[in-house]
Every structure is written in C-alpha cells, then in structure tokens.
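Chemist: My structure is below; once you've seen it, I'll send some questions.
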Amino acid sequence: MLSQHDNELITKTGPGTPMGEYLRRYWVPALLSRELPEPDCPPVRLKIMCEELVAFRDTNGDVGIVDNYCPHRRASLFFGRNEECGIRCVYHGWKFDINGDCVDMPSEPAESNFKDKVKIKAYPAEDWGGFIWVYMGPAELKPELPEVGYALVPEHHRLVSRRLQENNYVQGIEGGIDSSHISFLHFGLPPVRRDDPNNKTLSNRDGAPHFIVKTTDYGFVYGANREAGDDKYYWRLTPFMLPFFTIIPGGDGNPDERTYSGHGWVPADDENCWMFTYSWNASRPLREGEGHSASHLELEPRTMRSVVNKDNDYGIDREMQRTQTFTGIKDISVQDASIQESMGPICDRTREHLGTTDAPIIAMRRMYLKACRDLMEGVEPDVPRSGSTFRVRSVAEVLDKSVTFDETTERVPVAV
Amino acid sequence: MLSQHDNELITKTGPGTPMGEYLRRYWVPALLSRELPEPDCPPVRLKIMCEELVAFRDTNGDVGIVDNYCPHRRASLFFGRNEECGIRCVYHGWKFDINGDCVDMPSEPAESNFKDKVKIKAYPAEDWGGFIWVYMGPAELKPELPEVGYALVPEHHRLVSRRLQENNYVQGIEGGIDSSHISFLHFGLPPVRRDDPNNKTLSNRDGAPHFIVKTTDYGFVYGANREAGDDKYYWRLTPFMLPFFTIIPGGDGNPDERTYSGHGWVPADDENCWMFTYSWNASRPLREGEGHSASHLELEPRTMRSVVNKDNDYGIDREMQRTQTFTGIKDISVQDASIQESMGPICDRTREHLGTTDAPIIAMRRMYLKACRDLMEGVEPDVPRSGSTFRVRSVAEVLDKSVTFDETTERVPVAV
Amino acid sequence: MLSQHDNELITKTGPGTPMGEYLRRYWVPALLSRELPEPDCPPVRLKIMCEELVAFRDTNGDVGIVDNYCPHRRASLFFGRNEECGIRCVYHGWKFDINGDCVDMPSEPAESNFKDKVKIKAYPAEDWGGFIWVYMGPAELKPELPEVGYALVPEHHRLVSRRLQENNYVQGIEGGIDSSHISFLHFGLPPVRRDDPNNKTLSNRDGAPHFIVKTTDYGFVYGANREAGDDKYYWRLTPFMLPFFTIIPGGDGNPDERTYSGHGWVPADDENCWMFTYSWNASRPLREGEGHSASHLELEPRTMRSVVNKDNDYGIDREMQRTQTFTGIKDISVQDASIQESMGPICDRTREHLGTTDAPIIAMRRMYLKACRDLMEGVEPDVPRSGSTFRVRSVAEVLDKSVTFDETTERVPVAV
C-alpha cells in the first residue's frame, strides 16, 4: 500500500516532477528504428513523459528528436518537411537540424540574425538495438547507452516492437516483475493447485512461489522458486533493469543459446504508456514467428493499440474461460494489457493489499521513492553510467533444493 | 428554482454525499434478473451511484455484488472467473464469495492466514420482481424489499427492462412525476387547445391540469384533473414511491385487470442514470408486444443506450413533427429521453421557472432536501421499512366534478 | 510573445470576459442565410462565444436567435416546433417569439398571467450578405450592420460558407493577417528562395516581404511588398476589419472587376471557432467553381468539419509533399486548418518567437488588449458604429519601388 502522496510521486513523470526528472537521467526507447526507415523519410510524432515531440531521420541517417512545436508561431513540425539535414516548418519555412539549431529562416530578411538566436528543444537520439533511444535529461549527466543483449547481436537475431497501453507505466512494470501471476493469468485450466498431480507445467504447479530480491548495480534481480518435485525447485530469476526494463525467464537448454524476451514501459503521459518489447538470441537468427507474442500483435495504425483492446473487452470468450484457459483472452500480451488497464488509468495503490509475492514490486517502489526523495532534496540519485552494467539475462532452471539463491545466481549467472 | 447548493445536494449521489447516503437506505434495482441467467454465468459490470461494481450469480443461484477492484492489486473482477461459489480474480487467483469473504488465496503460502484478513466490499443483493436489487447502505438499517406490484405476480405477467440515459437521475424523475407533459411531448397534432372540439384524447384535451399532492407513507401521490366534458374530470393519480419510482396512470376497465407500467431512475454516476421499466398485469399474462414501449426499444449492446439517441438527434423527422406528431420523434420513451438529455448532464435549476403543474416536482425536491439536511445534521431520515408500504398502483378515471381528490383516492384506491 | 495573462485575455470570449464583451459590441455572423431557407423551417442550433443558442426563421421570414434552454424546465428548444411566429417547446408547449416574449403557455390555467412574466434570452438577428448576423451586446450600443462588399451585391455575385475549425479563433485570425505564410504553406516546390530564377509566382518569389501596418477606422490595413524584379514591388494590401475579418489580396485586371474573398473567425467556444468565408464580384455573377476553395469543401454533416481533418492527418501525402507541394495537403483551406489546429486548442503564445513578418499580428493583439483593458477599467472601447466604415477591399498590384505605402493605398484604394 502506498500513500496517495507516494503513489503520485512514482506515477507522475511530466517535466519537473521528481520521477520525471529521475527517468530523464536514463536513455529510454522512443520508437523503433524501422519507423524511421531511411534518410529524409517522413517524421514521426511522439509523446514521452508528457512531452510532445517529433522524430526525424536526417540526410546523414542521424535521428533528431525535437519539440513538436515550431518556436516561431507554434505550428506542429509533424507536418514539416524533412529536407537536406533538417526539418522545415511548412508554415513559414523555418528549418532546424537535429541539434535544434535554426539553419534557415526564409521569412526574415537575408540580413537578419534572428535565425542565430532561435533554437528548438532537441534531445540526443541514438539508433541502438532496433530502437531509437532518446536522452531527455541534463547534458552533463548523460550515461552510456545500455549494453542490452538485443543491441549486441546482429539484426536478424532480434525482434522488437512497441504498442500503446492505456494505463500508467508503473502498472506495466508491476506486471513485469510479478512472477506469481504467470501461474494464473497466463495459464490454462484446471485451476492451479500446488498438489495437483496432473499439473505438468512447472510454473503452473506451484502458485505460491517464494520470492527473494537482491539489489544489483543495474537495479535488482529477484528469484522465485516453485516446488518442482523430487526435492527440487523450479527457479525463475528476473532482472529488473533501471529504469523500467525486465527480461522474462524461460526456455531450456544451454542458457547461451536461448531466446530471451523482455519489456520496457515508457510513459507517454501519466495515463498511457508505450510497452517496448525485445526478443533476441545470441547464437542464431530468430525463426519466423519466434519472439514474444507482443511483437506479433495486430495494432491499430494510428493509436498503435492492439486491435483487441478494452473497447471490445479484449475479445474475452467466456466459454473458453470456463473450459480452456484461465482468462478466455487469447494472447499473453493482451492478457497482461487487459489486467493492467482494468486497474484504471492510475491504480489506486492506497487500497491495495500486497502479499509475499509482491516483494519485487515493493523493492522497485522503494528504489523509485528513494530517487524521488533524493532529487527533491537536491541530491543527485545513483544512476548507472556504464553501458556494460546492463549486460544481463534471465534464468529459468530446475535445481536441487540445497542450492541457495546466491549460489543460483552464480551457477547460472544473470550478469553475462 | 433551486439554489446551486440545493441543486448539487439532490443531484450528487456518490459515497459520502447526503443524497447518496439517503438513497443508500433503500433497495434499488441494479440489473435485470435475466442478465444473470443461471448459476456460474459470466459476471456483469455495473456502475451505481458512482461506485464501480461487479455482479455474479454463484453456484447456488445467489447473487453477489462486489467491488469491481480486487483488493490485492486492483485488477477488475469483471474479467474474473465465476467459479464454485465465488468469483476468482484472474490476476493471482484470489477468490471471493457473495459475502465478500476471501475463500481462496492460492498465490500465498498454504500456511498464511492473510486470506482471513482480506475482504472485498460486498452488498446484499436479491432477485425480486425480475430485477436484481442491491442494498448499499448501513447493514442495521436495511429495510424489507418493497412489495411492488410486478414482484407479486407470476413471471409471465410482467415485463422488465433497463436502459442508460445520459443525464442526472433527477431529470428522469422530474419527467416521471410530470403529468402535464403528456399533453404535449407525447401527443399528436393539432397543437393542444383546451377548447378544441375535435380533440378526442382525454389527456390531450386539457393541457393545463390542476395538480394536488398528498404525502403518503411511500412518498406521495399526486392527482391531476383535466376537463372531460359533461361536468366531469379526467383524473390521473400517480404515486411517487421513494426513492425514485412511479406508476404511470392509464388503461381502462376494471382497475384490478389493467396493465400498469412505471419507471425508476437509478443514478449510474452524476451525469448518467439507469431507467428501469416495469409493466405488469395482476390478472393475466402479458401479451406479445404489451408493456411499456421502453421495454421494446433496441439498445446498443455495450452502452445499453437506445440506438436512437442524441448522436442521431433521436431520429427527429421534421416533416413528421410539422404534420403528424408534436415532436417528430417516434417512441414515447425516446421522446422522454430526448427532452431529459437535452437539459444537459445536470439541469441548471437555478435558471428554471416552475409553474402550477410542477407541484409534484416541488414536493419531491422538498422530500429529498429534508432527507439530505437530516443526514447532514446527524438525524436519521424517515425511510419506509415495511415492504407492504409499496403495494400501490396508479389511477386513471373519469369522475363527476363533485368528487374531491380525497374521495377519488378512496373510490379508486392507489394503495392495494 | 504574450504573457499567459494576456494570452487568456484575447482568447477567452465567454459571457463576462473582457474579450467576450468587446466582441459582443459587433454584429457577427451566426450562420448562413440558406441554413434557414424559408419561413417556419426547422430550427438550427448554434454555439457562439460559449453561448448555446437556437436560431429559427419565423412565419414572417424574420430570424430569431434565442437561448437553447426553455426557461420553464430547461428543455432544448432545438427540438422545438417552429410554429406561427414563434418557437414552441415540445415539453410543455411554451412558445416564444423572436423578441423572446412568451406568447403562449398552454400548461398554465387560462387566467394565469405567468406568461407575461417569463422571457427567454433573445438576440437581434439580421439576414445580410448571405449570412445571418447576430448582435449579442448591450442594446444601446448596437452599431449599424457593416456594409461589407458581399452584402452590397446581388445574390448570384457572391458565395458564402462556414465550417468548424478545432482551435481558438485567434489562431484563425493570425493566419488570416499573415501574408508571409502564403509563400510557404500554400505554394508548390521547389522550396522558396528569393533568388530562384525559375520562380514565376510573385508571392512565391520573395519569402521575406516587408510589412507596413496602418491603423484605420475599420481596424487596420497592412501592406506586404515583395521583390518583383525590374525595380518593382509586388504589393499585397490586406484590410483587417474589426472584430475579426479579412479580405485576401489577389486577382488581376481592373480592381473593380476582381473577385474578392475573405474570412471571419467567430468563436464557438474557447477551443473551437467557425470560419466564415465570403467571395464576391461587384461586376458580374460568380462562375461555377469560382470563389474561395473553403466554400467548396466537403463537410461532415453534423460537426461541419471538413471531412479531411485532424483525424486523418488532413490527408497528408508525404510523397506529394516531397516532390510536388510544400505540405502534401491538397486544399488551401485545409492547409490553413492543419497548421492552425496543430498549434493546439489554444496556442501557447508565451513560447512563440515573432519575426518582422508578424507585424500585423502584433497590431491586432494590441488593439484587442487595449479594448480589453478599456472594458476592465470601465471605459467604453472605440467601436465603429457606421456601416459604411466597412466598405473596403484588398489590393494586389505590381508597382514601381518609388511608390510609397501611403501612395499605394491612394492609387489603389482599399476603401471603396
């Protein structure tokens, strides 16, 4: 349970809010690289942490992310022309490069130096791992790009996507670091009982895993162990990578050859977020249809919501729910969206009742609240500056019960 | 005319508002019995007096009406599974019975007693007269179910329905206790004149009826008499049954054999209400197509608005309005909706000009305001506790002018 | 740049706001005459300066513009019956004439004099130049109707229209008195350069015209001169006629025989406006397809927005934008709408950077702010009372550079 004050602290991310300032100290995904497919292609509009922006790829292939509003008379640069190394407002022809400098002002007399005095807000942007990343914080605090697994593999080894979710970003994160819900929301029938002998799926078998959280330099890793029979535990270790990324445990075989997937939840505004999804395999290209189901969803073209969404009750099929799956909702990613959106635009955490399986959620909130309080007191919060900090993966292994959590993280290391 | 303060008092019904607290001292219709057709059928979502709720019929056939939000992490129970005597949240499997007790918490260790500490808000609900009724007030003040006519007849003797109306509930009531408007809104052309010899319809013949209001134990009854020729009055006696029900006068023949209809207006939130409609005949089953026109309207499946609504100007046909009917709008119930919604979400009663025909409206508001003021002063308002109080019907009779209002109510009793 | 305070002053026009009171001292277009095609035709609903109104043409052909809400119980008169010299509410039959007097009250007893005490808000309205004009200010300050060119010609010499634009009215005006943008927003490729020898269009040839503003009795006229080669200037003189009208310079040949067009922007509410468009030729009837493109747009029937609007990104064609026109948007009027709406519902003028070509905009704002401040201090602002003040037109001429602005206005007079 959070106080209303703390709930607002972690959920509000507009300019000047403590949480917004904290998140702006990280590189965050803004859009997919393929949404700006080539130099001088059409610009794309964006909303990140309540800021309206326009992204464009210039003639050199570099990406600019600038204010949506032309500083002259506030026309939208989304309608602008992406021309020779700059975006030109169609209202009076003012043109800006990716650094925000005004490089042409044809509506003013040639002898005027007004052009040199006008800048547009522009944020550093980088193509990295299939995403366009943006850094919206103080220039002097800009960290290295995170060396996430999917950025370190060839392009055909990864699959990336994004979609809009109609809820505050924290609800997305709280679903992502909640190993417990996979035993319910994502599983088939019959209802989950620890002692059901017909239950073959490891994560289905024990709905009440034990949780252990361990703070790391990239955020934290938490382990959830479930009874797996024969004096063994089924361990799932999930890294929470600041500011809001996860890697889902799964797969079997050699950990170096598995396909991993994960999500990041980027605030659009306080009541909507972008779920970015990445899947990758370090050892081979991904196969057709492989990768997280979220990356295979059909989206509405303008909103980028799933076509199966709250307006159609996520396509819930009550007969299927009664007889085949726990939810009657087809896609894992839509199951997540249905539940996270069902809490309302901003979950009222003053009325929740957290249990033992919510330990990672509590850990995440404490990290966020500490960073917020630091910023409010003028203390610079601790932010990983080195990209190599983020060279991590998840773990899903069956191990003897005698293996401790610490030993687990050593035997099958999360950090790689 | 009301002050802005009093207008807000009677129109706001959220938890903690005086009017909301007063209405919560009555059983109110929540949905139709047939919307929960059988044990363990899919749950239905509800909004009543600004509270978001979920209704389900359990394995025993009993109905539970509980908070929409699971107390664990606030996922919506609408997506829940209606299982063996309880509704189970699909996020982590917490299950609640119709009393709000948590009867299973599979995400917590078996030895945990957390389950016993968690409850969900649950309201008493009863199947009665074709409606599911809910009582949302203090347990110790719960009255008997009202012995309304349609609840005392076999199922085939009644017809019930509900639809959404996009205005505050008081506008609905004020249309329901306004005998005067039937001479205009619901009638055909030519325009209504008291002295028109071609005017055959009794209620059409005299657009300026005289009103008399008499307080009763169930609320009040008002009589409206119109000139009926031959030294007679056409009397219409309408009961206003607390907190917001009416029975429309009509029909002829033996009062015990007439088909009666009426409405109740249940606040959804402060700008929308549910109009519940009931028709019944104590002496025989209803015939095909019989009963109030509101129960035969085609509704939009998700919103439960009429498909003929404000977005299409209620299908107004100006040529029909010019030559055939007063409004050019086809259905009586849509005529009511058009006018009540046209006042805006909450009618600005500081700018109205009430006339003599608005006497019942004034009586209703006084009752409401008195109850609100009682509650604000810590005085428990007078609420009928006995179900038999509501054994009433309406009256429509032509009587000699010499018969007084009091005699009228004796000769053709409203109370039955 | 404006302060937030001044931006609100000029953009808010509801009853009681300084700018709203100032605008209410002028006749403003309310709808097209053809929208009330004949006596006793269906009423039309309107929203002007945040006031909800209903317009009807009575049996004599006179137009009434009255409050949307019947003073009895606040039903909308839009659903009313337009009967023998009055509009009758369908709820209880109260009837009002164009002066706002209640002329029938059939729901009250015949002997009642309540009718004489009830009035509805009614504004003077006039058919003039193809528009219905309304005067919403103090009766004693009502000026003459403006003798605008299109009102002084036979009906077939003019073309009028209106459409909704989803932004504050000031953004419309600021586009209308901005001669500079036509060199960009409305022109073809290649990009505009002053020195491009292939550039044949006069207004395209010089993107940085010089501006001169001259205050007049009707508002102001501004001249914009562009290099036209051979020691000549291309002059465009645009009158700004209070409170919010313009005439676009254009055409060639004898100024008395040109077809002129212009716009006025009437606030609907603070975030939407009605763009009224007029085209006329004093010397001959307009030809098929002639007149401003805004008058040939297809509109959505209920909203009266262009069917090409923000919901479909104004039909922008990025390939056309890359190779053919500056915007990739087809219609001049839609180009204007796209840019004006893209600034948001109310442009944030605290963040703009005005240049030399924005001189007329600055002049307009100063006039508005002075009028607002006068009203706030109890000083009656200067408003032209004589209709003949508005007998003006625009000028588009190529003249020797030796001709001064003042000489220009004498040689090709704006006032006619």
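Order-wise, the sequence lines are chains A, B and C. In terms of this note's numbering, the first sequence opens at residue 1 and continues consecutively. In terms of this note's numbering, the second sequence opens at residue 417 and continues consecutively. In terms of this note's numbering, the third sequence opens at residue 833 and continues consecutively. Note that the Cβ used here is the ideal one computed from N, Cα and C, for glycine as well.
Does any residue of chain C bring its CB to less than 8 angstroms from the CB of B/Glu424?
Modeler: Judged by the 8 angstroms Cβ criterion, B/Glu424 is not in contact with chain C.
Chemist: At 8 angstroms on the CB atoms, spell out the chain C contacts of A/His72, in chain order.
Modeler: Glu1184, His1185, Leu1186, Gly1187
Chemist: Beta-carbon within less than 8 angstroms of C/Asn999's beta-carbon, same chain only, minus the 5 sequence neighbours each way: which residues are those?
Modeler: Glu1103, Asn1104, Cys1105, Gln1172, Glu1173, Met1175, Gly1176, Pro1177, Ile1178, Cys1179
Chemist: For A/Asp127, which residues does DSSP report across the bridge?
Modeler: Bridge partners of A/Asp127: A/Ile132.
Chemist: Counting only beta-carbon separations shorter than 8 angstroms, does A/Phe56 have a partner in chain C?
Modeler: no
Chemist: With DSSP run on the structure shown, which of helix, strand or coil describes B/Asn641?
Modeler: strand
Chemist: Given that a residue counts as buried once 16 or more other Cβ atoms are within 10 Å of its Cβ, and exposed if not, what is B/Lys511?
Modeler: buried
Chemist: Nearest chain B C-beta to C/Ala1100 closer than 8 angstroms, yes or no?
Modeler: Cβ-Cβ to chain B under 8 angstroms: no for C/Ala1100.
Chemist: Just confirm the distance between the C-beta atoms of C/Ala983 and C/Gly961, as a whole number of angstroms; I'd bet it's less than 8 angstroms.
Modeler: At roughly 3 angstroms, the Cβ-Cβ gap stays under 8 angstroms, so C/Ala983 and C/Gly961 are in contact.
Chemist: Between the stretch 476-492 of chain B and the stretch 554-561 of chain B, do three or more beta carbon pairs fall short of 8 angstroms?
Modeler: no
Chemist: From what residue to what residue does the beta strand (DSSP E) around B/Ile663 run?
Modeler: Per DSSP, B/Ile663 is one residue of the beta strand (DSSP E) stretching across 661-664.
Chemist: So the beta strand (DSSP E) C/Ser1093 belongs to, where does it begin and stop?
Modeler: Annotation for C/Ser1093: the continuous beta strand (DSSP E) segment containing it runs 1091-1101.
Chemist: Below 7 angstroms on C-beta distance, what does A/Ala75 contact in chain C?
Modeler: Ile1171, Ser1174, Met1175
Chemist: State the DSSP-derived secondary structure class of B/Cys501, mapped to helix, strand or coil.
Modeler: coil
Chemist: Please say whether C/Thr1221 and C/Asp1049 have beta carbons closer to each other than 8 angstroms?
Modeler: yes
Chemist: Within 10 angstroms of the Cβ of C/Ser939, are there 16 or more other Cβ atoms? Answer buried if so, exposed if not.
Modeler: buried
Chemist: Return helix, strand or coil for A/Ile329, following the three-state DSSP convention.
Modeler: coil
Chemist: If you draw a straight line from the alpha carbon of B/Gln737 to that of C/Asp929, how long is it in whole angstroms?
Modeler: 19 angstroms
Chemist: Could you tell me which residues DSSP pairs with B/Ser722 in its beta bridges?
Modeler: B/Leu715
Chemist: Tell me whether A/Val192 sits in a helix, a strand or coil according to DSSP, three-state version.
Modeler: Only weak support exists for where A/Val192 lies, its pLDDT of 47 falling under 50; the coordinates are left without a value.
Chemist: Hey, does B/Gly432 have any beta-carbon neighbour from chain A nearer than 8 angstroms?
Modeler: no
Chemist: Would you say B/Ala541 and B/Ala446 are within 8 angstroms of each other, going by their C-beta atoms?
Modeler: yes
Chemist: Check whether the stretch 690-710 of chain B touches the stretch 855-871 of chain C, taking contact to mean three or more Cβ pairs, one atom from each stretch, closer than 8 angstroms.
Modeler: no
Chemist: Using alpha carbons as the reference points, say which of A/Lys47, A/Phe326, A/Ala294 lies closest to A/Leu159.
Modeler: A/Ala294
Chemist: To the nearest angstrom, how far is the alpha carbon of B/Val608 from that of B/Gly591?
Modeler: Confidence is the limiting factor: at B/Val608 the pLDDT is only 47, short of 50, which leaves the residue's position unreliable and the question unanswerable from this model.
Chemist: So, at 6 angstroms on beta carbons, what are the nonlocal neighbours of A/Glu300 in its own chain, with the 5 sequence-adjacent residues on each side left out?
Modeler: Val307
Chemist: Using a Cβ-Cβ cut-off of 8 angstroms, state whether A/Pro124 counts as contacting chain C.
Modeler: At least 8 angstroms separates the CB of A/Pro124 from every CB of chain C.
Chemist: Tell me, to the nearest whole angstrom, how far the beta carbon of C/Gly1020 is from that of C/Thr1157; I am working on the premise that it is less than 8 angstroms.
Modeler: 5 angstroms
Chemist: Going by DSSP, what residues sit across from B/Met691 in a beta bridge?
Modeler: B/Arg579, B/Trp681
Chemist: Please classify B/Val795 as buried or exposed, where buried requires at least 16 neighbouring CB atoms within 10 angstroms.
Modeler: exposed
Chemist: Report yes or no: is there a C-beta of chain C within less than 8 angstroms of the C-beta of B/Asp483?
Modeler: no
Chemist: Run the proximity test for C/Arg905: is its beta-carbon closer than 7 angstroms to any non-hydrogen atom belonging to the ligand SAM?
Modeler: Of the ligands one can find in the structure shown there are none, so the ligand SAM has no counterpart to examine.
Chemist: Using the rule of at least 16 other Cβ atoms within 10 Å of the residue's Cβ for burial, across every protein chain shown, is C/Lys844 buried or exposed?
Modeler: buried
Chemist: What residues of chain C sit near B/Ile732, judged by a beta carbon separation below 8 angstroms?
Modeler: Chain C residues near B/Ile732: Phe911.
Chemist: Report the rounded CA-to-CA distance for C/Arg1181 versus A/Met105, giving the unit in angstroms.
Modeler: 20 angstroms
Chemist: Over the uninterrupted beta strand (DSSP E) stretch that includes A/Ile98, give me the two end residues.
Modeler: It is not in any beta strand (DSSP E) - A/Ile98 carries neither H nor E in the DSSP assignment.
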